[in-house]
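**Q**
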Amino acid sequence: MAAVLEGGAHRAHKELVKTVQLEGQVLLKIIQHCSEALPQLVTGQLLGLDVGQQLEVTDCFAFPTAVADDDVEAESAGANYQLEMMRCLREVNVDNNTVGWYQSANMGTFQTVELIETFINYHENIKKCVCIIYDPQRSARGNLGLKAIRLKESFIELSKEQKLTLKGFQEVKLSWRDIFVELPIKVRNSNLVQALVADLMPAPSATLADVDRLNLSVAPFLERNIQSLVECVDDIVQEQQKVSVYHKSVARQQQLYAAWLQKRRQENTQRLQDNLEALPEEDPTLFKPIPEPSMLDNYLVTNQIATYCDQINIAASEAIQKLFLMEGIQKAGL
Amino acid sequence: MAATVLLPSSSNVSVKVHPVVLLSICDAYVRRKEHQDRVIGTLLGVVVDNVIEVKNCYVVPHNESSEQVMVDVIHHKTMFDLHQKVAPHESIVGWFATGSDLYNSDALIQDFYSKESTHPVHMVVDTTLKDNKFSVQAYTSRMLALGDKVLATEFVEIPCDTIFGDIERVGVDLMLTGLNDPSPESKKETANKSFSDEAETLAASMGRLADLVARASEYVDSVVSGRVSGEPAIGRYLADTLALVPHLARSDFERLFNESVQDAMMVTFLSDLLRAHVALAERLGTAALPIV
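Each protein sequence line maps, in turn, to chains A and B.
Numbering of the first sequence is given in the UniProt record's numbering, commencing with residue 1 and proceeding in unit increments.
Numbering of the second sequence is given in the UniProt record's numbering, commencing with residue 1 and proceeding in unit increments.
Following this line, the structure appears as structure tokens:
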């Protein structure tokens with residue numbers, strides 16, 4: 001019986017979310033909310049259904065930006081808002097199932113400790129939740145910066161057991177790359193909406209965005225990216241210092257312990273000669289084990305660095321393409 | 001002299017709708033309760049000069065029969081308060097209904113909404129796809145009064161347009177081309193066009209701009225050959241635009257080009273270096289060892 005139960009749980013375990021399907025209106029709502037709220041970063045809730053390995057998001061609503069006056073008050077206000085909104089939406093037959101949340105990110109940076117904490121909070125109640133990250137700067141440059149991510153299962157278990165140390169990571173063979181898993185996004189529309197969108201098909205005339213895309217200057221974007229990159233590298237150096245301090249203190253503790261042990265042994269031989277009882281060779285109160293620092297920050301910053309590097313690479317290669325095109329046009333004597 | 005019917009002067013109000021609103025309305029229509037024929041709800045937006053921009057909407061449950069109509073006012077108020085918390089600058093600008101015609105009860109609902117906002121706009125979204133066309137119409141109401149007595153409320157149609165922000169256009173384009181899953185029941189893996197096909201979007205942009213330039217040059221040709229009488233304003237505008245094209249001496253251009261390319265390459269090199277460094281540290285396990 002126990003084996004069957006475990007088998008069942010294991011199968012449910014395997015049903016991880018593999019793809020995310022958005023409805024058109026969710027896409028547009030997220031875009032509208034995040035772009036209008038610039039430069040502030042905002043969040044919102046996703047509602048939908050999970051169907052096997054695919055998570056269908058059918059609706060979403062925005063969260064009011066929390067005023068950081070009183071934490072307790074803000075939290076209860078936020079929870080109230082959520083309850084009220086869900087109740088109203090239920091009356092009009094909207095899917096009442098929370099499947100995750102979305103947030104806007106600045107320059108594509110979303111790897112923070114708060115994100116992980118929110119994920120873990122969600123995970124307590126909903127096994128399959130996803131976070132959609134929207135990058136408004138990327139979209140302003142012409143391509144939709146939308147990503148769906150979730151945490152890797154093994155990472156969630158590891159953090160539940162509080163074993164976010166290097167040894168813990170090595171045991172489950174996770175590297176910093178494996179914390180987040182990116183999911184492919186599909187967009188689906190009901191037939192009625194497809195008819196609407198087909199009708200709405202905008203006239204194929206060029207827009208201001210097209211003109212902006214031909215802009216050859218990529219320097220400001222690269223500058224900002226590199227600045228953030230430099231900050232990240234500073235953070236990593238700090239983290240490394242923490243780790244080195246830990247190792248040094250462990251080494252020093254070992255030394256002290258060895259010296260103390262020797263002294264104890266000498267005392268013991270002395271006492272044996274005097275026919276007294278030997279003192280114990282261990283004293284737990286003197287040498288408490290030093291806790292190993294968590295590797296979480298280290299890994300998150302590394303993830304951040306990887307994101308920035310990717311962005312820089314893409315932007316730089318775009319710029320080079322455009323520059324070479326420009327050169328070709330100039331050479332042709334236009 | 002017969003009493004004249006007083007018609008207040010109609011201000012030339014026009015309505016601009018964001019596509020989000022239309023998609024939400026369609027979605028609400030698909031989700032409506034079984035016995036209902038149509039869905040009504042509130043429109044939120046901003047009013048700038050004589051243009052009403054509709055940015056958001058939400059559905060309000062209602063019940064209508066041939067004699068009376070009931071609207072769930074509490075729901076309407078609650079949702080409005082909730083929306084105010086997120087977007088305080090948006091206000092109620094009117095209401096929408098699906099279906100193809102105006103109903104008798106619309107006048108009553110319009111009355112209710114005129115208490116909420118000064119010039120409520122009534123938007124009719126034709127979800128029945130009459131005439132094989134998806135039509136969106138907007139009306140504003142005015143009172144027909146005979147002297148002092150109010151006769152009726154008349155709905156006057158006003159121009160209604162869909163506007164896209166540039167970013168929304170990207171979203172709508174994506175929905176149209178390739179990311180669509182044609183049948184909701186199919187489980188086959190549709191080709192997942194990635195969101196970041198940079199080169200393709202660049203090519204598409206250039207195509208559109210090239211079209212524009214071709215049209216402009218066609219126009220100029222036809223003016224020159226005398227087929228079309230030219231307008232001096234357009235001619236001046238074109239001349240100004242062409243004057244903006246910079247003429248760079250060859251050496252200048254080479255210098256600029258080389259500098260930019262070198263910058264981009266250096267940055268790529270730096271980022272690759274950093275990545276290699278991190279990867280190496282991870283492999284050697286030195287990410288967790290003290291820096292010697």
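Note that beta-carbon positions come from the ideal geometry of N, C-alpha and C, so glycine has one too.
1. Going by alpha carbons, who is nearest to B/Q84 out of B/E64, B/K55 and B/V224?
2. Expressed to the nearest angstrom, what Euclidean distance is found between the alpha-carbon atoms of B/S141 and A/Q45?
3. Assuming A/V51 contacts A/V130 under a Cβ cut-off of 8 Å, what Cβ separation, rounded to an integer in Å, is found between them?
4. Can you find a CB in chain A that lies within less than 7 Å of the CB of B/F195?
5. Does the distance from the CB of B/V121 to the CB of B/V93 come in under 7 Å?
6. Taking the C-alpha atoms as reference points, what is the distance between A/N189 and A/D234?
7. If we call anything under 7 Å between Cβ atoms a contact, is A/C309 one with B/R250?
8. For residue 293 of chain B versus B/V20, is the C-beta spacing smaller than 7 Å?
9. Using a Cβ-Cβ cut-off of 8 Å (strictly less than) and excluding sequence neighbours within five positions of A/T58, which residues of its own chain qualify?
10. Name the two residues that bound the continuous alpha helix (DSSP H) containing A/Q111.
11. Okay, do the region 311-319 of chain A and the region 259-277 of chain B touch, 3+ Cβ pairs below 8 Å being the bar?
12. Run the CB neighbour count on A/T43, radius 10 Å, all protein chains shown included, and call it buried at 16 or more, exposed below.
13. Give a yes or no on whether 7 Å exceeds the smallest Cβ distance from A/L158 to chain B.
14. If you draw a straight line from the C-alpha of A/C88 to the C-alpha of A/N80, how long is it?
15. Below 6 Å CB to CB, which residues in the same chain sit around B/E189 once its five sequence neighbours on both sides are set aside?
16. Nearest CA to the CA of A/A319: which residue from B/A281, B/Q262 and B/S271?
17. Under 7 Å, do B/A97 and B/I40 count as touching if we go by C-beta distance?
18. Can you give me the Cβ contacts of B/E282 inside the same chain, cut-off strictly under 7 Å, excluding the 5 residues immediately before and after it?
19. Assuming A/A182 and A/I149 make a contact with CB atoms under 8 Å, what is their CB distance in whole Å?
20. Quick one: grab the DSSP three-state call for A/R224.
21. Can you give me the C-alpha to C-alpha distance between B/L88 and A/Q40, rounded to a whole angstrom?
22. Going along chain B in order, which residues have a C-beta closer than 7 Å to the C-beta of A/Y81?
23. Roughly how many whole angstroms lie between the Cα atoms of A/C34 and A/N125?
24. By the 10 Å Cβ neighbour count, where 16 or more other Cβ atoms means buried, how is A/M107 classified, buried or exposed?
25. By alpha-carbon positions, which one of B/R208, B/H62, B/S100 and B/Y29 ends up nearest to B/D72?
26. When burial is assigned at 16 or more other CB atoms within 10 Å of the CB, is B/M70 buried or exposed?
27. The alpha helix (DSSP H) with A/A319 in it runs from where to where?
28. Under DSSP, the alpha helix (DSSP H) around residue 335 of chain A begins and ends at which residues?
29. Beta carbons nearer than 8 Å to chain A: which residues of the region 265-285 of chain B have them?
30. Can you round the beta-carbon distance between B/T78 and B/Y58 to whole angstroms, since I take them to be within the 8 Å contact cut?
31. Could you tell me which of A/F324, A/Y299 and A/K322 sits nearest to A/Q170, measuring between CA atoms?
32. Since B/S100 and B/T128 are thought to touch, with beta carbons under 8 Å apart, how far apart are those beta carbons, to the nearest angstrom?
33. Just the chain A side, please: which residues come within less than 8 Å of B/T127 by C-beta, in chain order?
34. For a contact meaning CB atoms closer than 7 Å, what does B/V30 contact in chain A?
35. I need the boundaries of the alpha helix (DSSP H) containing B/D240, first residue and last residue.
36. Under 7 Å between the Cβ atoms of B/C26 and A/L196?
**A** Working from what's here:
1. B/K55
2. 37 Å
3. The pair is not a contact, with the Cβ atoms about 13 Å apart (cut-off 8 Å).
4. Residue placement at B/F195 cannot be trusted, given a pLDDT of 41 that sits under 50; what the coordinates show is reported in the next sentence. Yes, its Cβ sits closer than 7 Å to a Cβ of chain A.
5. Contact: yes.
6. Rounded to whole angstroms, the separation of the alpha carbons of A/D234 and A/N189 is 45 Å.
7. no
8. Since the first residue shown for chain B is 1 and the last is 292, residue 293 of chain B is missing from the structure and cannot be characterised.
9. E23, V26, L47, G48, L49, V94 and D95
10. Unbroken run through A/Q111: none, as it is neither H nor E.
11. yes
12. buried
13. False, the Cβ-Cβ gap to chain B never drops below 7 Å.
14. Roughly 12 Å separates the two Cα atoms.
15. Model confidence at B/E189 stands at a pLDDT of 30, short of 50, so the residue's coordinates are unreliable; what they give is reported in the following sentence. Result list for B/E189: empty, nothing under 6 Å.
16. Per the Cα distances, B/Q262.
17. Annotated as proximal: B/A97 and B/I40, with beta-carbon spacing under 7 Å.
18. none
19. Sequence inspection shows Glu at residue 182 of chain A; the Ala mentioned does not correspond to that position. Going by Cβ atoms, the distance from A/E182 to A/I149 rounds to 5 Å, so yes, they are a contact pair.
20. helix
21. It is Pro, not Leu, that sits at residue 88 of chain B in the sequence shown. Whole-angstrom Cα-Cα distance: 15 Å.
22. L82 and K85
23. 27 Å
24. buried
25. B/H62
26. Exposed, since its Cβ has fewer than 16 Cβ neighbours within 10 Å.
27. L296 to K331
28. The displayed coordinates of chain A run from 1 to 334. Any statement about residue 335 of chain A would go beyond what the structure contains.
29. M265, V267, T268, L270, S271, D272, L274, R275, V278 and E282
30. Not quite, the Cβ-Cβ distance comes to about 10 Å (not below 8 Å), so this is no contact.
31. A/Y299
32. With a Cβ gap of about 5 Å, B/S100 and B/T128 count as contacting.
33. In chain order: L192.
34. Chain order gives the chain A residues near B/V30 as S190 and L192, where near means a beta carbon separation below 7 Å.
35. P232 to A243
36. yes
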